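Trainee: Residue numbering for the sequence shown follows the working numbering, beginning at 18 and increasing consecutively.
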Amino acid sequence: MKKKVAALLLTFALAAALAGCGGGSGASKGPEPAAEEAEDKGGEISENTDEPSAENQDKSLGTGYNELAPLMTYEEFAAAKAGSPVTIESYVQVKNAFDDQQSAVTLYAQDEEGAYLVCDLPITQEQYDNLETGQKIRVSGDKNEEAGEVRIVNATGMVEDGSYAPEVTDASDLLGKDDLASYKNHVVSFKGLKSVDTEDPGGDLLRFFYGPDGNGDPGDDLYFSAEKDGTVYLFKVESDLCGEGTDVYDKVTYVEEDAVIDLEGVIYDTEEGLPLITDMVILE
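1. According to DSSP, is Q152 part of a helix, a strand, or is it coil?
2. Report yes if the CB atom of K153 is closer than 8 Å to the CB atom of E93, and no otherwise.
3. Can you list, in chain order, the residues of its chain with a C-beta nearer than 6 Å to that of S101? Leave out the 5 residues immediately preceding and following it.
4. Can you give me the C-alpha to C-alpha distance between V265 and V298, rounded to a whole angstrom?
5. Could you tell me whether the segment 215-232 touches the segment 178-187, where touching means 3 or more Cβ pairs closer than 8 Å?
6. Count the CB pairs spanning the segment 192-206 and the segment 235-242 that are closer than 8 Å, and state whether there are at least three.
7. Is V122 helix, strand or coil by DSSP?
8. Among S206, D75, M89 and Y125, which one has its Cα closest to the Cα of L258?
9. Of the choices Y91, E163 and A96, whose alpha-carbon is the least far from that of Y285?
10. Verify whether the separation of the beta carbon atoms of A243 and S206 is less than 8 Å.
11. Taking all protein chains shown into account, decide if E273 is buried (16 or more other Cβ within 10 angstroms of its Cβ) or exposed.
12. Can you name the start and end residues of the alpha helix (DSSP H) that K268 belongs to?
13. May I ask you to report which of helix, strand or coil DSSP gives S101?
14. Measure the CB-CB distance between Y181 and Y108 and report whether it falls below 8 Å.
15. Rounding to the nearest angstrom, what Cα-Cα distance links V111 and Y227 in this structure?
16. Rounded to whole angstroms, what is the Cα-Cα separation between G174 and T80?
So, in structure tokens, the structure goes:
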């Protein structure tokens, strides 16, 4: 019997929205992570500074760092108008594949105040390879809003001293709810789901399919469904984020029907809060 995919299926139409961000080459909510919690996890929270140090100026990424505005808190960033210059400090949590054509990376950064999507940040291949999860960065660019997305574009950046590992919010009970969109760009988890077949745009029941129209090829974006409390939800493995050959991409292609799974990923910055999955644990 065909299972009806929940409202997240509407996000097919939004799959092309990521192109505006550059792409790559080619419930119960947990408490917001506090500085004390990060220290318990071994992370280090560095206080914001008004000016980058001379030492950090030598740690600029790509073509160099150009500060367009004074350093902002997340609250100040959120209040800034679209098109305004912004400067933030945060910690890298997820990065897309290196864009060798632009020598740039799109990444998700998060701290104890909020989370950011930084698009097409200039960076060299060597710098990209050395940019680890939790690394503190300083980014300056323009705030951009489009179709519910809030992001930083025309950006330059530098690495700074410090690291941070946020507590991952369990968003299982927020699936299918508007509240999920409030976690845009955050790393979240979905626990105790059941792997199920999904109906592709052509009406066929498949364990997974490639591309938003179901006519893609291996290596393209991967779509799959999982069930929670009797409702089926659609998820996406973004090929520029976790492409073919990565652990999560491969698991989606071989996980068995009715397997119990935990998922982790980021909420892509759209009004629907499309989950981009970066990790899957097969429990049984």
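Yeah, the Cβ is synthetic: ideal placement off N, Cα and C, and Gly gets one too.
Since the model is a prediction, treat every value here as computed from it, not as a measurement.
Mentor: Here's the rundown:
1. strand
2. no
3. K160
4. 9 Å
5. no
6. no
7. strand
8. Y125
9. E163
10. no
11. exposed
12. D264 to Y271
13. coil
14. yes
15. 22 Å
16. 9 Å
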